[in-house]
């Protein structure tokens, strides 16, 4: 994101890859569930670190949204595993 700083607009981007939970918790404190889009990138959609963070974000989002139907509007997946992506929501 530093290389693209001159092109910054009103969008804020956060990258989370650490599985310890602290980083995602700090990021989730800064974002609004109504205006946040999560991109989950995992070739197999089974990578432990990625899926742990994805499920943490999903759980946080559902507490605010209250309905599974909103997940597809706020989460996008980059994966070759269409079945697992569909199961995620």
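Numbering (our numbering), first residue to last: 4 to 92. C-beta: ideal position from N, C-alpha, C; glycine also. Keep in mind the model is a prediction, meaning the values are calculated, not measured.
About 6 Å separates the beta carbons of residue 77 and residue 41, which is inside the 8 Å limit, making them a contact pair. Note on geometry: alpha-carbon atoms of residue 91 and residue 60 lie some 12 Å from one another. Counting along the chain, the unbroken beta strand (DSSP E) around residue 41 starts and ends at 41–44.
Classified as buried, residue 45 has 16 or more neighbouring CB atoms from the shown chains inside 10 Å of its CB. Straight through space, the alpha carbons of residue 75 and residue 28 are spaced by roughly 21 Å.
A residue is called buried once 16 or more other Cβ atoms fall within 10 Å of its Cβ, and residue 12, having fewer, is exposed.
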